[in-house]
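If you read the protein sequences in the order shown, they are chains L and Z. First residue of the first sequence? That's 1 in my numbering, and the numbers climb one at a time after it. First residue of the second sequence? That's 1 in my numbering, and the numbers climb one at a time after it. Here's the structure we're looking at; comments come further down.
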Amino acid sequence: MKWLLVATIVGATTCGELLQTYGMKRHGEIHDFRPGPLGRAFGRVARNPFVAASVLFMAVSFFAFLALLKVADLSFAVPATAATYVLETVLARFLLKERVGRRRWAGALLVACGVPLIAL
Amino acid sequence: MTASSPRLRFKTRLLAAIVICSNVLGNFSLSRGMRSGGAGNPFLAAVLNPWVALGVSLLILWMLSRMTLLSWADLTYVLPVTAFGYVLTALMGRLFLGEHVSPGRWTGIALIVAGVVLVGNTPIRTTRPGERRSA
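Right, dumping it as structure tokens:
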């Protein structure tokens, strides 16, 4: 049960964040931070199917995380889900075609090791 | 690979700071509100609690600011950089709640800070912008 929830969280978070990044890149860079234009930009973002799907995935991940906290300690939950950092970096490289150089790999690995340590 | 202009760097750092702070303070308020639950229906008590309301508002701000940041920055840039929130949470726990920070935790903090510094100096965007810009 514990590991099923971990797999759900990692899978849903990864799908959600990849979809959100893809959706926001399709929308294009937000330049205008005045309230009116910013509100209109978010109105368009809300109708973006990739962003809408990402919110759904993140909701699944959120509730699975709450369920995990009921059956496991936080010191198990946080390290187990830190796997998303590595998985998302790999998938962003291949699916979103981001250029991940040595520094980014090193940074992602350092963070993926650091997060479990902090949660202990 | 295009170099990031100073203006883009400034905008990115400012937004990353908003993303990090809204997440840390939002979780902090939410956990404070959830712990101070009184008698009666726990769901209703949570909804009516001002700390919970503040936490939820901050987490909405977190979500929107993160989406804005992702409208130009790489996911592989945003993810490690915003992990600095874990460090801030640990330090807030030590400063404001008097929590003990073990050597293992300090090691984790050091690893994350090193990761953030490494990634923070890479180009913010490595994909081509504006392939499909809606008017």
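Don't be surprised by glycine CBs; every beta carbon is placed ideally from N, CA and C. Please read all numbers here as calculations on a predicted model, not as lab measurements.
The beta carbon of S4(Z) does not come within 9 Å of any beta carbon belonging to chain L, so the residue lies off that interface.
Approximately 6 Å separates the beta-carbon atoms of L75(Z) and L96(L); this is inside 8 Å, confirming the contact. L44(Z) is outside the set of residues whose beta carbon lies under 9 Å from a beta carbon in chain L. With 16 or more other Cβ atoms from the protein chains shown falling within 10 Å of its own Cβ, P80(Z) counts as buried.
When the alpha-carbon of V52(Z) is set against those of T82(Z), G33(Z), L59(Z), the nearest one is in G33(Z).
For L95(L), there is no enclosing alpha helix (DSSP H), since its DSSP letter is neither H nor E. Distance from the Cα of S31(Z) is smallest, within the candidate group A17(Z), N121(Z), I20(Z), G55(Z), for G55(Z).
Residues of the segment 85 to 115 of chain Z with a Cβ closer than 7 Å to any Cβ of chain L, in chain order: Y86, A90, G104, R105, T107, G108, I109, L111, I112, A114, G115. Separation of S57(Z) and I30(L) (C-alpha to C-alpha, rounded to the nearest whole angstrom) is 22 Å.
For P37(L), not one C-beta of chain Z is nearer than 9 Å to its own C-beta. Closest by C-alpha distance to N27(Z), out of L48(Z), G85(Z), S5(Z), F43(Z), is G85(Z). Short of 8 Å from the beta carbon of T89(Z), and not among the five residues preceding or following it, lie these beta carbons of its own chain, in chain order: V24, N27, F28. Distance between G39(L) and T12(Z), taken at the CA atoms: about 19 Å. At a cut-off of 9 Å between beta carbons, C113(L) contacts chain Z.
With fewer than 16 other Cβ atoms inside 10 Å of its own Cβ, F94(L) counts as exposed. The beta carbon of L5(L) sits no closer than 9 Å to any beta carbon of chain Z. Residue state for N49(Z) is assigned as coil, using DSSP reduced to three classes.
Taken atom to atom, the span from the alpha-carbon of T122(Z) to that of S36(Z) is near 43 Å. Here the C-alpha atom of M63(Z) lies approximately 22 Å from the C-alpha atom of E98(L). When the five nearest sequence neighbours on each side are left out, the beta carbons in the same chain lying within less than 7 Å of the beta carbon of V19(Z) are those of W62, S65, R66, L69, T82, in order along the chain.
For F42(L), the uninterrupted alpha helix (DSSP H) segment begins and ends at 35 to 46.
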